[in-house]
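Counting in UniProt numbering, the sequence shown runs from 1 upward without gaps. Glycine included, C-beta positions come from ideal geometry on N, C-alpha and C. Worksheet: one structure, shown below.
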Amino acid sequence: MARRSPGALRSLFPSAGRAAGTTRRIDGLSNGANAAIVRLERRHPGISVATALDAYRRTIRQSGRWLELSLDCCSCPGCGDPVEQRDVLDDALRRLPAPARRELQRVIDPLDEEFLRKTLPDPRAAERSSWHARAWWRQRLREW
Numbered sequence: 001m002a003r004r005s006p007g008a009l010r011s012l013f014p015s016a017g018r019a020a021g022t023t024r025r026i027d028g029l030s031n032g033a034n035a036a037i038v039r040l041e042r043r044h045p046g047i048s049v050a051t052a053l054d055a056y057r058r059t060i061r062q063s064g065r066w067l068e069l070s071l072d073c074c075s076c077p078g079c080g081d082p083v084e085q086r087d088v089l090d091d092a093l094r095r096l097p098a099p100a101r102r103e104l105q106r107v108i109d110p111l112d113e114e115f116l117r118k119t120l121p122d123p124r125a126a127e128r129s130s131w132h133a134r135a136w137w138r139q140r141l142r143e144w
């Protein structure tokens with residue numbers, strides 16, 4: 001029976017080198033932090049940090065004094081709802097190791113400040129549900 005070469009066997013399985021090209025690098029983070037995010041995204045397929053960060057950045061950096069959202073917004077992380085995007089980023093922050101968490105938090109902090117500036121506090125958010133009360137970004141009013 002013919003035997004396969006080691007290279008032919010290795011080509012059947014994904015390696016870090018080939019899989020690394022499918023993930024996007026986040027500007028402002030070190031190689032170690034980007035590697036930690038890649039590992040996190042492999043372990044938890046529902047988390048896409050780069051996609052959520054790009055969408056959050058695009059939504060927050062809209063021109064204008066107030067944050068305006070379109071009515072055709074759905075609840076997917078790539079959409080225009082900053083609450084959904086910030087939820088994904090918060091989930092990633094909780095799961096990342098401390099050094100990578102600090103680096104990602106440094107990238108997110110200026111966006112959070114802009115979000116706070118463009119929104120108003122919602123006095124009834126905590127009354128609605130415990131889900132609203134758990135995170136500060138869910139307790140903000142935005143124009144729909």
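Residue from G28, R94, I60, A50 with nearest C-alpha to L116: Distances from the alpha-carbon of L116 to those of G28, R94, I60, A50 put I60 closest.
On a Cα-Cα basis, can you pick out the residue from R102, R25, R10 that is closest to V49? Residue R25 is the option with its Cα nearest to V49.
To the nearest whole angstrom, what separates the beta carbons of Q85 and A55, a pair I think is in contact under 8 Å? 5 Å
What does R140 pair with, by DSSP beta-bridge criteria? P121
Alpha carbons only, please: which of W66, R43, A2, R4 is nearest the one belonging to R140? W66
Using only CA atoms, which one of G28, R39, H44, S5 lies nearest to D109? It is G28.
Using CA coordinates, which residue listed in I37, F13, R134, K118 is at the minimum distance from P99? I37
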